[in-house]
Every structure is written in structure tokens, then in C-alpha cells.
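Enquirer: The structure that follows is given in the form of C-alpha cells.
In the numbering used here, the protein residues as written are 13 to 315.
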């Protein structure tokens, strides 16, 4: 056995032991540090890994590309509380949309627990991983994958990845950085997409597009006012929105104008009504629902 092979074998053993601890130990303290160390070791190996989530889904991860998703490998979860909520909430008749799908954590869940998931990921390299992860779980027939972005109008635009940021930060904005790599992408609106595909009913929409959330809502057009039975889960990050000259309150106000109420997940994993977002407060994911949906489906999920 060569010294290099021996070194890799030792690294794999260490990763196995540490991962067993991070996945099964009830002790929270120190797990974040261990996760970072496991990530370092995975980068040393530079080998793709297939891991199984706590929900039983398979994911192909490639390091260092997927450093921002290493928690899937070390804990079996990604955005644990919101994922558990989605699993409980979705029905097998639900039509779902994953806007900003990345490598497919939520796409796979939404396709598995719902009827079909329409997913959108404009980054071609990441889209290929999304496609692989959907296929790994045998869900190709329950998804429609699109290599486009959804925004306020149909056309083309510049899309940016960053040399020193992981792919989760890819955006239509340069983020005020100089290490960007420019890509040309196609953009459509949700309203155009719905019309083109004869979709008249949508039950759940998850949106995480690094500050482009307001433009996405503009692109919903008249459908936003018609989505009485649709639950939105949307990332609201003040820093990302500011790159598009928007604030979280702009998004909240647009939802309110269309009769949606904002909620967040509390520590009991129940939805709690959001009164206001304080300045500089980051709400990574908020939920938006109409009074009609609250009465017919959300009552049991609200604190």
C-alpha cells in the first residue's frame, strides 16, 4: 500500500467515526466544529460521496464544490426544521415549485411528498447535480427541471458565480465583489411559465434566489392574487435584497397587498405570525398564506 493510499484510508476512517458521532450523538456542543473538520477532510479526499438523509433520500455531494451542503453529510439534514415542516405539510396531490433549487434538497422532498415539483436552477453546473440527485431518488417522472431563472420579465440576463464563495451565493447581482464569473442565462416569469404549461393550481412555492425575491413576485402577475390555496416559503435576507435596491418590507408589503399573512417557524416548529422585521434582522425563511388557506389547511400548524 502506497503512503498516499494509506493516508486516504486513515482519513476515511476518521471521517466515518466523526460522522457517526455528528449523526447520532444527542450532544449539540462541538458539532459545528466537527462538521468543519469533516469538511476539511472531505476536501483532502476530493472524492464524490453519496449520502442518505434522515428522510431516506440520496444525495451526491462533491467537495469542495458542495462545502455549503456538508451538513447533509454530517447530520442527514439541511434546514432541518423547515424540512420537517414541509414533510408534514405536503400532500401527495400537491403541485409544488422550487425556485432556486440548487442541488435539489427541497426538490427531492417536494417531488417525493407531493405530486410533482417544477424546479428552477440557472447555474448549469449546479443544475447537473440537481438532475443527478433527482435521478438517484427515482423521481425524474415527478419533476420538471428547468435551467432558467424566474424574475419580473422574460428575456436574458447576466448571472454571477464567485471564485471565493460557494455556489449557494450565485446571484443575478455581483454582490459588490470583484471575484465574479459572468454567465448568460435565460429568464422567464412565473405567469408565463404557468400559462405555457397550462398549470392552473399551485399548492406550495419555495423561493431562495439570493435577493431576487421581489422581482420574482412581480413576475407572478395576476396569479399572485389568485393563489388563495398556495403556501409560499421564501428567504428574506436584507443584505441580498439590498443588492437589488429592495428591503424585506418591500416583499412583505407586496404580499400584504395580495392578502397574504407572514409567518415564521418558532422553536416548537409551529407557524407564528410575524408582526415586523427589525432592522438588520435576518429571517432566512418566512411563510406566506392567505386567510383562506389558514382556515382550510394551516390551522393545525399555527401556534
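Don't be surprised by glycine CBs; every beta carbon is placed ideally from N, CA and C.
Counting pairs of beta carbons, one from the segment 146-156 and one from the segment 183-190, are three or more of them closer than 8 Å?
Expert: No: the two stretches stay apart, fewer than three of their Cβ pairs being nearer than 8 Å.
Enquirer: Measure from the alpha carbon of residue 124 to the alpha carbon of each residue in 151, 137, 111, then state which is nearest.
Expert: Closest by alpha carbon: 151.
Enquirer: Hey, quick one: how far does the alpha helix (DSSP H) through residue 166 stretch, first residue to last?
Expert: Where residue 166 is concerned, there is no enclosing alpha helix (DSSP H), given that its DSSP letter is neither H nor E.
Enquirer: List the whole-angstrom C-beta distance separating residue 34 from residue 87, where the pair is believed to meet the contact cut-off of C-beta under 8 Å.
Expert: Yes, they are in contact, since the Cβ atoms of residue 34 and residue 87 sit about 6 Å apart, within 8 Å.
Enquirer: Measuring CA to CA, which of 172, 312, 279 is closest to residue 92?
Expert: Ranking the options by Cα distance to residue 92, first place goes to 279.
Enquirer: Ignore the nearest five residues each way along the sequence and tell me which others in residue 202's own chain have a CB closer than 6 Å to its CB.
Expert: Same-chain partners within the cutoff: 162, 231, 232.
Enquirer: How should residue 220 be labelled, buried or exposed, when 16 other C-beta atoms within 10 angstroms of its C-beta is the threshold for buried?
Expert: By the 10 Å Cβ count, residue 220 comes out buried.
Enquirer: Where residue 78 and residue 107 are concerned, what is the direct C-alpha to C-alpha distance, given to the nearest angstrom?
Expert: Spanning the two alpha carbons is a distance of roughly 28 Å.
Enquirer: What separation, rounded to the nearest whole angstrom, lies between the Cα atoms of residue 158 and residue 167?
Expert: Rounded to whole angstroms, residue 158 to residue 167 spans 15 Å at the Cα level.
Enquirer: For residue 174, I'd like the list of residues in its chain whose CB is within less than 8 Å of its CB, leaving aside the five on either flank, ordered along the chain.
Expert: Here the set comprises 181, 182, 187, 189, 191, 192, 193.
Enquirer: Count the other CB atoms, across all protein chains shown, that sit within 10 Å of the CB of residue 258; report buried if there are 16 or more and exposed otherwise.
Expert: By the neighbour-count rule (16 or more Cβ atoms within 10 Å), residue 258 is buried.
Enquirer: CB-CB under 6 Å to residue 126, same chain, minus the five flanking residues each way: which ones, in chain order?
Expert: The residues are 102, 106, 108.
Enquirer: Spatial neighbours of residue 306 within its chain, please: C-beta separation below 8 Å, excluding the five flanking residues on both sides.
Expert: Hits under 8 Å: 273, 314.
Enquirer: So, helix, strand or coil for residue 298, using DSSP?
Expert: Residue 298: strand per DSSP, three-state reduction.
Enquirer: Rounded to a whole number of angstroms, what is the C-alpha to C-alpha distance between residue 70 and residue 38?
Expert: For residue 70 and residue 38, the distance between alpha carbons rounds to 23 Å.
Enquirer: Just tell me which of 271, 312, 262 has its CA closest to the CA of residue 301.
Expert: With distances taken between Cα atoms, residue 301 lies closest to 271.
Enquirer: Within the same chain, show all residues whose beta-carbon is closer than 6 Å to that of residue 247, passing over the 5 residues directly before and after it, in chain order.
Expert: Taken in chain order, the residues that qualify are 220, 296, 297.
Enquirer: So residue 160 packs on residue 138, CB below 8 Å; how close in whole Å?
Expert: Not a contact, Cβ separation roughly 13 Å.
Enquirer: Which residues in the same chain have their Cβ closer than 6 Å to the Cβ of residue 156, if we skip the five residues on either side of it in sequence?
Expert: Cβ neighbours of residue 156 beyond the five flanking positions: 130.
Enquirer: In terms of DSSP beta bridges, what is residue 110 paired with?
Expert: Bridge partners of residue 110: 131, 218.
Enquirer: For a minimum of 4 consecutive residues, which ranges assigned as the alpha helix (DSSP H) are wholly contained in the segment 71-106?
Expert: Correct list: 82-87, 92-101.
Enquirer: Is the beta carbon of residue 83 less than 9 Å from the beta carbon of residue 90?
Expert: Yes, the pair counts as a contact, with Cβ atoms nearer than the cut-off.
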